[in-house]
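So our numbering is basically just the index in the sequence shown, starting at one, shifted up by 253. Using N, Cα and C, we set each Cβ at its ideal position, and we do this for glycine too. Take a look at the structure set out below.
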Amino acid sequence: MIYDVAVIGAGATGGATAYMLSQYKLHTVLLERSHEVCAGVSKANSGIVHGGFHHPSDSLKTQLELRGNALIEQLQKNLHFPYLKCGILVVAYSEEELETLKKLYQRGLDNGVKDMEFCDRKRIFELEPKLTANAIGGFFVPHGGTIEPYMYVFALIECALKNHVDLRCDFEVISGDYQDDVWLVKSADGREIKAKYLVNAAGLFADDVSRKLGAEDFKIFPRKGEEYLLDRNCAGRPSRVVFPVPVKHSKGVLVIPTAGGTTMIGPTAEKVEDKEDTATTQSNFAKILKLTQNMVEGLTAKDLITSFAGLRPVHESEDFYIVQSPVRPALIQAAGIQSPGLTASPAIGEYIVKLLAKSGLALKKDPAFDGTLPEYFESRKLTDQQLSELHASDPAWTNIVCRCESISEAEIINAVKRGHTTVDGVKFCTRAGMGRCQGGFCSAKVLQIISRYSGIPMEELTKRGGKSRILAGKLGSLEVK
């Protein structure tokens, strides 16, 4: 089979592109090097829906960020991923910062950000009472907030698959050749895909993929951001996303009320060489905690649940690099999608579709396209009456597997049936294992449910695919030497 379009990379950019392409009468395939989708840059994301005031109006980032902000709100109504539209508060803590903040506010006005409000000290405390006493002013952007990035990407791709897009995981591109108007793309495991057009949305590895396709040589620089997740009972959880005045190469250290109910502080912004370097450090946690304690009251070290690091794929231009390749035909490059890439992603998908059309791809809307997903129940959000009614038809709804996050057996079964067959896949789909004990109580039960409903033997289950096996065999069968 020859596909019309093959999209390389199943993160936010690739997922949004596949979703946008699924609206047309096309044969599209999504290729992912990992065992499950959203396993790279997009997974380790702050989850912020940005407001459009950080970058100049002539940058591609800003144009797509503003459009993406509006599209995410529309998509959430149809796809039901978690979205906390709490607004963004940018706060100054000194007179010098206030002068810089005024310029940032003006940039937002120039960019066309809607309903911005400049705030004096009284107003800013009305909007966020948990700010520390040294806050002197700021501005408020109501059209912003947080989403759970993995659930957003899962929803985009699930809807794309529903509309006849194909998915190939564990597909690590090692080469691509263009002959007779068709791309032949090969995977490390020997599989091959033929497609008339390619989209390179490979995140951190977009530069490597470009070279493997014989296209232009550019460089993606990883910039590491360490994030620290605090307990959902954290006294310092603000009602808004709290930004400081930004610094060079970073929007600064934030206090983030996540859409999942926890609080996140960070990120750092450190240029690294290793694209696999996701280590976090105690020293950076101490720095981040001190900075955020100067921003918001009530944050303490004892609230820490876990830490993680994401690597931003920075193009040498510091802007998004989304172009028809100047070297290879029928290839769209979508590289350097760093912050605000998650917010911009649906607009990036639209933009890529337009570039494909400009390159010659014939587009015809599919009248059978269905851009909706069912709204999946979450046990912790249901009333006793609702749980009682669900229990009557399926007792799994009241069998709580993850106590920290109140996740039921039924939710985990649904995640497996939707294609999540790793512990991390189920975790990111349901939040099972994301609470205070980090899976210490529920992991064994989750493994049993995955095995039971996927048919995969327990010994073959993995944390995140590949060689990340969890069990080596039954304890009684191990040979003692």
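- P497 and C487 have their C-alpha atoms roughly 20 angstroms apart.
- Secondary structure of A539 (DSSP, three-state): helix.
- When the beta-carbon positions are compared, A512 and P627 stay at least 8 angstroms from each other.
- For C339, the three-state secondary structure derived from DSSP is coil.
- For L616, no beta strand (DSSP E) run applies, since DSSP gives it neither H nor E.
- In the pairwise beta carbon analysis, the segment 402-411 is classified as not touching the segment 373-389: fewer than three pairs are separated by under 8 angstroms.
- Counting the other CB atoms within 10 Å of its CB gives D619 a total below 16, which places it among the exposed residues.
- DSSP links L420 through a beta bridge to L283.
- Secondary structure at F371: strand, using DSSP grouped into helix, strand and coil.
- Shown here, E348 sits in a helix according to DSSP, grouped into three states.
- Under DSSP, M517 forms a beta bridge with L482, I509.
- D430 sits in a strand when the DSSP states are folded into three classes.
- Here N331 is exposed. Its C-beta has fewer than 16 other C-beta atoms within 10 Å.
- Separation of S659 and Y629 (C-alpha to C-alpha, rounded to the nearest whole angstrom) is 15 angstroms.
- In the displayed model, N453 falls within a strand according to three-state DSSP.
- Secondary structure of I702 (DSSP, three-state): helix.
- Straight-line measurement puts the Cα of C682 at about 6 angstroms from the Cα of A668.
- With a beta-carbon spacing of about 13 angstroms, G268 and I400 fall beyond the 8 angstroms limit used to define contacts.
- Exclusion of the five residues before and after W650 leaves S632, L640, L643, H644, S661, A663 as the residues of its chain whose Cβ lies within less than 7 angstroms of its Cβ.
- Secondary structure note for G594: its alpha helix (DSSP H) is the uninterrupted segment 594-611.
- For C655, the beta-bridge partners assigned by DSSP are I660.
- Here Q276 carries a coil assignment [DSSP, helix/strand/coil].
- Between R320 and A600, the C-beta gap is smaller than 8 angstroms, which places the two residues in contact.
- 8 angstroms or more divides the Cβ of V549 from the Cβ of V494.
- For K524, the closest of Y706, R565, S721 by C-alpha to C-alpha distance is R565.
- For Y574, the enclosing beta strand (DSSP E) begins and ends at 574-577.
- Within the same chain, Cβ atoms closer than 6 angstroms to the Cβ of L724 are found at M711, E712, the five residues on either side in sequence being excluded.
- With contacts defined as CB atoms closer than 8 angstroms, N298 and G563 qualify as a contacting pair.
- Residues V394, P395, H396 of the same chain have their beta carbon placed closer than 8 angstroms to that of D368, with the five preceding and five following residues left out of the count.
- Using a Cβ-Cβ distance cut-off of 8 angstroms, the segment 527-536 and the segment 474-483 are in contact, since at least three pairs of beta carbons, one from each stretch, lie closer than that value.
- In this structure, the beta-carbon distance from V302 to G391 does not fall below 8 angstroms.
- Short of 6 angstroms from the beta carbon of K439, and not among the five residues preceding or following it, lie these beta carbons of its own chain, in chain order: I427, S428, E445.
- Ranked by Cα distance from L466, the first of E571, P579, G505, I541 is P579.
- Counting along the chain, the unbroken beta strand (DSSP E) around Q586 starts and ends at 584-588.
- The continuous beta strand (DSSP E) containing H568 extends over residues 557-568.
- Proximity of the segment 411-418 to the segment 267-283 meets the contact definition, three or more beta-carbon pairs being nearer than 8 angstroms.
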